[in-house]
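S.K.: If you scroll down you'll find the structure; I have some questions about it.
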Ligand SMILES: C[S@@+](CC[C@H](N)C(=O)[O-])C[C@H]1O[C@@H](n2cnc3c(N)ncnc32)[C@H](O)[C@@H]1O
């Protein structure tokens, strides 16, 4: 299952405008779907700017919450945003981090599993951190299907630049598919694995509200745009302008689908 370790994240404010605002909309139904009781110990892997952590605090009344992420800039942002005695944010790599295992009741990861080079290794670490009977869960965008903001971007890119095909998140992030997510969670021994689609409305005020955040984008889009010359970037912008659906008031009404997955660690594991 392919992923890409080269998609770096470092600008917290840009992330908020780009995808953070939409991740927040998914985080709410995702946390509700987990149906976790209050006063549990949570671990948020790839916590980024703290979007999912904030929703856990608001919706799940945790006893304790640890968020960790590779990006010092994001963790610094999360610490400034969320000041709560129950919470600790730490900088760390999911590939090497070790907790006094297994100390968490639930381990979650929002928009993370496609950004690690070895998703199975990452989920194994998540399983190691959770107690027997506890839950491991996450969500990723449906890049190849109904994450329309991204789908329009890559479809337009392929119209103006045949080389964009190789960078298309829809085909690179094979883990962002319900069957593959289910297989991944089952492959590490999780039980009662379930996958659902979470659909949210992503309405852009106007074309600039859609386009500008891409210019400060993080991850694979940023890497792709950095490699384009001015002419190609303008062609891409024009193609998107033609292609995107627009309402009478200039708004761009799109939807975004995330695939959410959860599983239970067997008591004996
Ligand atoms: C798309 S962001 C998601 C952030 C947040 N969970 C959200 O839903 O908005 C992906 C995050 O994964 C982090 N990340 C990528 N590889 C990582 C690793 N090996 N260990 C820890 N964090 C990692 C990135 O720094 C980034 O913050």
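Numbering (the working numbering), first residue to last: 8 to 276. Each residue gets a CB set at the ideal place from its N, CA and C atoms; glycine is no exception.
(1) Going along the chain, which residues of its own chain have a beta-carbon closer than 7 Å to the beta-carbon of residue 119, five neighbours each way excluded?
(2) For residue 16, which option in 260, 100 and 104 has the closest C-alpha, if you only look at C-alpha atoms?
(3) So does residue 55 have its beta carbon nearer than 6 Å to some heavy atom of ligand 1?
(4) With burial defined as no fewer than 16 other Cβ atoms inside 10 Å of the residue's Cβ, what is the status of residue 158: buried or exposed?
(5) Report the residue from 128, 242, 172 and 92 whose alpha carbon sits nearest the alpha carbon of residue 105.
(6) Between the alpha carbons of residue 243 and residue 228, how many angstroms are there, rounded?
(7) With respect to 6 Å, is the separation between the Cβ of residue 123 and the closest non-hydrogen atom of ligand 1 below this value?
(8) Which residues in the same chain as residue 163 place their Cβ atom closer than 7 Å to its Cβ, once the five residues preceding and following it in sequence are excluded?
(9) Do residue 266 and residue 149 count as a contact pair if the criterion is CB distance below 7 Å?
(10) Taking all protein chains shown into account, decide if residue 188 is buried (16 or more other Cβ within 10 angstroms of its Cβ) or exposed.
(11) Throw me the rounded Cβ distance for the residue 143 and residue 123 pair, which I believe falls under 8 Å.
(12) Look at residue 30 and residue 58 and say whether their C-beta atoms are less than 7 Å apart.
(13) From the DSSP output, read off the bridge partner residues of residue 267.
(14) Given that a residue counts as buried once 16 or more other Cβ atoms are within 10 Å of its Cβ, and exposed if not, what is residue 1?
(15) Near residue 13, which residues of its chain fall below 6 Å by C-beta distance, leaving aside the five closest residues on each side in sequence?
(16) Which term fits residue 60, buried or exposed, when burial requires 16 or more other beta carbons within 10 angstroms of its beta carbon?
(17) Does DSSP put residue 241 in a helix, in a strand, or in coil?
(18) Going by DSSP, what residue range makes up the beta strand (DSSP E) through residue 52?
(19) Throw me the rounded Cβ distance for the residue 209 and residue 262 pair, which I believe falls under 8 Å.
(20) Apart from the five residues just before and just after residue 222, which ones in its own chain have a Cβ nearer than 8 Å to its Cβ?
(21) Give the straight-line distance between the Cα atoms of residue 121 and residue 94, rounded to the nearest whole angstrom.
(22) Determine the extent of the alpha helix (DSSP H) in which residue 111 is found, giving its start and end residues.
(23) Looking at the unbroken alpha helix (DSSP H) that takes in residue 38, where does it start and where does it end?
(24) Just the C-alpha distance for residue 170 and residue 134, rounded to the nearest angstrom, thanks.
(25) For residue 84, tell me which candidate among 218, 18 and 201 has the shortest Cα-Cα distance.
(26) Could you check which residue in 132, 126 and 182 has the C-alpha nearest to that of residue 151?
M.R.: So, from the listed chains and residues:
(1) The residue you call residue 119 lines up with position 112 of the chain shown. Taken in chain order, the residues that qualify are 52, 53 and 145.
(2) Residue 16 sits at position 9 when you count from the first residue of the chain shown. The shortest C-alpha separation from residue 16 is found at 100.
(3) One-based indexing of the chain shown puts residue 55 at position 48. Yes; taking the cut-off as 6 Å, the Cβ of residue 55 has a heavy atom of ligand 1 nearer than that.
(4) Translated into the one-based positions of the chain shown, residue 158 becomes position 151. Classification for residue 158: buried.
(5) The sequence position of residue 105 within the chain shown is 98, counting from 1. That would be 128, whose Cα lies nearest to the Cα of residue 105.
(6) In the chain shown, the residue the question calls residue 243 occupies position 236. In the chain shown, the residue the question calls residue 228 occupies position 221. Whole-angstrom Cα-Cα distance: 13 Å.
(7) Along the chain shown, read from residue 1 onward, the residue named residue 123 stands at position 116. Yes, the Cβ of residue 123 comes within 6 Å of a heavy atom of ligand 1.
(8) Position 156 of the chain shown, counted from the start, is the residue given in the question as residue 163. The residues are 243, 246, 247 and 250.
(9) By one-based count along the chain shown, residue 149 stands at place 142. By one-based count along the chain shown, residue 266 stands at place 259. Yes. Within cutoff.
(10) Mapped onto the chain shown, residue 188 falls at position 181. Under this definition residue 188 is a buried residue.
(11) As a working note, residue 143 is residue 136 in the chain shown. As a working note, residue 123 is residue 116 in the chain shown. Not quite, the Cβ-Cβ distance comes to about 14 Å (not below 8 Å), so this is no contact.
(12) Residue 30 sits at position 23 when you count from the first residue of the chain shown. Residue 58 sits at position 51 when you count from the first residue of the chain shown. Contact flag set, yes.
(13) In the chain shown, residue 267 corresponds to position 260, counting from 1. In DSSP, residue 267 forms a bridge with 146 and 203.
(14) Outside the displayed span of the chain (8 to 276) sits residue 1, for which this structure offers no information.
(15) As a first step, residue 13 is located in the chain shown; it is residue number 6 there, counting from the start. Because residue 13 carries a pLDDT of 44, less than 50, the predicted location of this residue cannot be relied on, and the following value inherits that uncertainty. Within the same chain, residue 13 has no close Cβ partners at all.
(16) Counting from 1 along the chain shown, the entry for residue 60 is found at position 53. Buried: at least 16 other Cβ atoms inside 10 Å.
(17) By 1-based counting over the chain shown, the position of residue 241 is 234. Residue 241: helix per DSSP, three-state reduction.
(18) For the purposes of this step, residue 52 is taken as residue 45 along the chain shown, with counting starting at 1. Here the beta strand (DSSP E) through residue 52 covers 48–52.
(19) In the chain shown, counting from the first residue as 1, residue 209 sits at position 202. In the chain shown, counting from the first residue as 1, residue 262 sits at position 255. 6 Å between Cβ atoms; contact.
(20) Mapped onto the chain shown, residue 222 falls at position 215. 232, listed in sequence order.
(21) Taking the chain shown and counting its residues from 1, the one referred to as residue 121 is at position 114. Taking the chain shown and counting its residues from 1, the one referred to as residue 94 is at position 87. In a straight line, the C-alpha of residue 121 is about 25 Å away from that of residue 94.
(22) As a position in the chain shown, residue 111 is number 104, starting the count at 1. Residue 111 -> not in any alpha helix (DSSP H); beta strand (DSSP E) instead, spanning 111–117.
(23) Numbered from 1 along the chain shown, position 31 holds the residue referred to as residue 38. Where residue 38 is concerned, the enclosing alpha helix (DSSP H) stretches over 28–41.
(24) Along the chain shown, read from residue 1 onward, the residue named residue 170 stands at position 163. Along the chain shown, read from residue 1 onward, the residue named residue 134 stands at position 127. Cα to Cα, the separation comes out at about 38 Å.
(25) Against the chain shown, residue 84 aligns to sequence position 77. For the residues 218, 18 and 201, the minimum Cα distance to residue 84 belongs to 18.
(26) As a first step, residue 151 must be located in the chain shown, where it is residue number 144. The shortest C-alpha separation from residue 151 is found at 182.
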